[in-house]
Every structure is written in structure tokens, then in C-alpha cells.
Amino acid sequence: MIDIEKIREDFPILSEKVYNKDLVYLDNGATTQKPKQVVDKIVAGYYNTNANIHRGVHFLSQRATEAHEAARETVREFINANESKEIIFTRGTTEAINLVVSSYGEHYLQAGDEVIITEMEHHANIVPWQMLREKKGIVIKVVPMNDKQELDMEAYKQLFSPKTKFASFAHVSNVLGTINPIKEMIQIAHEHGAKVLVDGAQGVPHLKVDVKDLDADFYVFSAHKIYGPTGIGILYGKEEILDLMPPYQGGGEMIATVTFDKTVYNELPYKFEAGTPDYIGSTAFAEALNYVKTIGLENIEAHEVELLKYATEKLKEIDGVVIYGNAEHKSAVLSFNVEGIHHYDMGMLLDKQGIAVRTGHHCAQPLMEVLGIEGTVRATFAVYNTKEEVDKFIEAVKKVVTMFR
Ligand code: PLP
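In the working numbering, the protein residues as written are 13 to 417.
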């Protein structure tokens, strides 16, 4: 069991007042709050360790380099990658997907080649592929969902053809909470000779990820959704594939030698890390992963699922509530609408009661089209949320409903 009260003490922001009300922060899917340990690491990094890494002979630069590389190793261990050179620091999930689409896609995909995505993708895993379609004439195929908003696995299998070169899908939907059977999906894609990218932005914060066991070719995620800092994230890629890919950006750090005639690229992982990396962010990110490890991801997951179940039951009791995302395997996301109440109105009126939720299309407009709606109200849970907060949230929803009826 985890001691939530003790955990909450690590997050000073949770004691903030909003319009004189206690803050109830249920927007964790967008970004989580940061524990003191992570913020302290950032402060200590700038106070004690700051110097540009890799190129310096001086003491501080070496200290900063060691901390940055140790952070890479922490990430490697967290997702059980083979080698730390398979861990590429990016600005986040979005940049990691763009890196793969630009580098692998532009180099290895040709006109007519097919890429499979799903109906529940975030824009970050749709738009880069559409940009590649503009450039190269690839074909994008989309896996439909069943009426519980789970992927239709039969349809997924049927979408493969000899032209399928890539499948790219979310581990967990940021709108529906659906946990996709990614291990099986990866295996099916590999049987057809296709490479796979898993968008783990909503996976890593809630579920144990073992990239070796999954056999994922690429797995990407963001630090800020797992109690880490903003502006940094991870591209995991299998070494043999990353080795074959050309650099994504040119500049410092990614070179071995440069003359005016020719540049020899650096080895992995630096080949994909042009420019000064966020070496303070990387160490804070590692601190966040250690924080999660100390609590135990399985404890975090169990706690969040309990909150999700409790909140879902309570919400269903309210007249006119429609919940989107009714999958058998579901993570800490609760999307809903109430008949006759626009999601923005609900969001704003919840905010006035101190409840922070997200409203709108959640960067998944194509999914909204499939669901036949413009948007939802979305509550997302993290380790520090409590049943009392769920009760406040439910009472606040009821109050809004009463105002409208
Ligand atoms: N993919 C999913 C499933 C997400 O939920 C998000 C963020 O909400 C992203 C991608 C984009 O992440 P980032 O903005 O950190 O790059």
C-alpha cells in the first residue's frame, strides 16, 4: 500500500488554492505535477553542476556529462532496453515521432508503401505521417474500433498487405484510456515484415514497459507526463535500426568530424542529438523515474485503477452522462459528456469549483469525428489523487448539472 498523504507532501502545488477552493488536479494526462525531488534536482543542477557537456575537459563539464549519461542509463533500465545508446533524448513524444518519420520514413518508405495507424491516435502520431504522405506518396490505413472503443484486432490483421512497411500506434489512448494489446500488435506487424513505433506517452506513466519483451522497434514517451520536467522525452529504438537511419538534424554533438567537403556522423546515440541537449532536464527526468520506482509502478497503477473505477461508478449514477472509452483494459482516463451541457461549459464551471479537468478534442480530432462529437470533458488520475478528490469532482459535476436543469 502507498501512503498518499506522504506522497502529496512531495507536491507543494497540490496545496494551492483556486478561487479560494482546494485545488483538485485531474489534468494529469496533459501533464503531471512535479515532486520536490525533481524540482530540487533542477535547482541543484543549475547551482552545482551546470556546464556544457561532452566537449569540455574541465571538472564541471565532466561532472555534467557524467550526470547526463547516468540519466540515460536510468531511462534504459526503466524500460529494459539492451543498450543505453538505444536511448535518444528528444524534446518529447512529438519530436521523437517526427524524428522517426523524417529519418526512417523519408529514407526507407517509397510511394505506395502503407503505414497503419489507428482511429484513437493523438495528432502527434497522425500529422507527421500525413506530412510524409505529402512528400513521398505513402498510403495511411486506419484501424477501426469496436463499440467499447477497443481496437478491432480482426480489422487490424486485415489491413496488412505486402505493401505494409510500418505500423504506428498508441500504447494507451489519451482520450479513451484504452490499453491496446501492443505486444500482440507488434508481433502481427513483424510477421508481415513491418516496423513498429509505439506512442507510449500515456503508457509509461501507468504501466510497466519492457521494450525487449515487447520487441518494439521504436517506443517513445515524454518526461512531463511521468512527474518529470517539460521539454524532454525519449526515443527508444533498436540499435540495428537506428544505425541504419540518417541523422534527423545537423549541427554540433551529432558529428565525428567535419570539413567543408564532408561530415562524418557521430555514433549512437549522439548521431540523433544535434545541439546542446537538456542535460539538466535529463537528470531531473532520471530523478522522476527513480521517484516512480521507489513508490512502485504497480502500486501506482493499482491506485489509479481504483480511483478510475470509483469515479466511473459515481459518474454513471448522474443522469445524462455518456462515458467515452469502455474498454476491458483501461488506464486512468475518464472522458465524458453530460447531455445538454457543452464540454467547455462543464470544464469552466468545474474550474470555478477548484477542479482542473481538460475539455475539447484532446489533440485527437479524427477520433472525435469517429465518435460523432466535438469534444469531451476529461479527468485523468495520478498517484497523488485521492478518493476524497473524486468525491469533490463528482459533487461539482452534479452541481453543474443542477444549474443547467
Ligand atoms: N501522444 C499521446 C498519446 C499523448 O497523450 C500526447 C500528449 O498529450 C502526445 C503524444 C504528445 O506528447 P508531447 O506533447 O509531450 O510531445
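The beta carbon of each residue, even a glycine, is placed where N, CA and C say it ideally should be.
N- and C-terminal bounds of the beta strand (DSSP E) containing residue i
i: residue 211; result: 207-211
i: residue 346; result: 345-350
i: residue 339; result: No beta strand (DSSP E) holds residue 339; DSSP gives it neither H nor E.
Straight-line Cα distance separating residue j from residue i
i: residue 71; j: residue 267; result: 23 angstroms
i: residue 58; j: residue 161; result: 45 angstroms
i: residue 307; j: residue 220; result: 13 angstroms
i: residue 399; j: residue 329; result: 16 angstroms
i: residue 203; j: residue 269; result: 40 angstroms
i: residue 207; j: residue 180; result: 8 angstroms
i: residue 138; j: residue 385; result: 19 angstroms
i: residue 377; j: residue 361; result: 23 angstroms
i: residue 191; j: residue 185; result: 7 angstroms
i: residue 348; j: residue 130; result: 21 angstroms
i: residue 183; j: residue 193; result: 8 angstroms
i: residue 32; j: residue 414; result: 22 angstroms
i: residue 262; j: residue 286; result: 6 angstroms
i: residue 344; j: residue 238; result: 13 angstroms
i: residue 157; j: residue 167; result: 9 angstroms
i: residue 19; j: residue 315; result: 13 angstroms
i: residue 146; j: residue 109; result: 17 angstroms
i: residue 173; j: residue 165; result: 15 angstroms
i: residue 86; j: residue 226; result: 19 angstroms
i: residue 411; j: residue 309; result: 35 angstroms
For residue i, the first and last residue of its enclosing alpha helix (DSSP H)
i: residue 441; result: This structure leaves residue 441 out entirely; the chain is present only between 13 and 417.
i: residue 190; result: Premise fails: residue 190 is in no alpha helix (DSSP H) and is neither H nor E.
i: residue 253; result: 251-256
i: residue 416; result: 399-416
i: residue 216; result: Unbroken run through residue 216: none, as it is neither H nor E.
i: residue 106; result: 105-112
i: residue 276; result: Not the alpha helix (DSSP H): residue 276 falls in the beta strand (DSSP E), residues 275-277.
Coarse secondary structure for residue i, derived from DSSP in three states
i: residue 363; result: helix
i: residue 39; result: strand
i: residue 232; result: strand
i: residue 304; result: helix
i: residue 245; result: strand
i: residue 33; result: strand
i: residue 369; result: coil
i: residue 69; result: coil
i: residue 330; result: coil
i: residue 284; result: helix
i: residue 54; result: helix
i: residue 100; result: strand
i: residue 260; result: coil
i: residue 268; result: strand
i: residue 177; result: strand
i: residue 223; result: helix
i: residue 18; result: helix
i: residue 200; result: helix
i: residue 385; result: coil
i: residue 150; result: coil
i: residue 314; result: helix
i: residue 138; result: coil
i: residue 323; result: helix
i: residue 62; result: coil
Cross-strand partners of residue i (DSSP beta bridge)
i: residue 376; result: BP columns for residue 376 are empty, so no partner.
i: residue 155; result: 130
i: residue 44; result: DSSP lists no partner for residue 44.
i: residue 90; result: Per DSSP, none; premise fails for residue 90.
i: residue 392; result: 39, 345
i: residue 182; result: 211
i: residue 353; result: 350
Buried versus exposed, by CB contacts within 10 Å (16 or more), residue i
i: residue 150; result: buried
i: residue 433; result: Outside the displayed range of the chain (13 to 417) lies residue 433, so it cannot be described from this structure.
i: residue 48; result: exposed
i: residue 27; result: exposed
i: residue 25; result: exposed
i: residue 397; result: buried
i: residue 119; result: exposed
i: residue 258; result: exposed
i: residue 2; result: Because the chain is modelled from 13 through 417, residue 2 falls outside the range shown and cannot be assessed.
i: residue 187; result: buried
i: residue 210; result: buried
i: residue 337; result: buried
i: residue 294; result: buried
i: residue 29; result: exposed
i: residue 278; result: buried
i: residue 256; result: exposed
i: residue 366; result: buried
i: residue 297; result: buried
i: residue 133; result: buried
Near the ligand GTP: residue i beta-carbon under 7 angstroms from a heavy atom
i: residue 189; result: Here the bound small molecules are the ligand PLP; the ligand GTP is not part of this structure.
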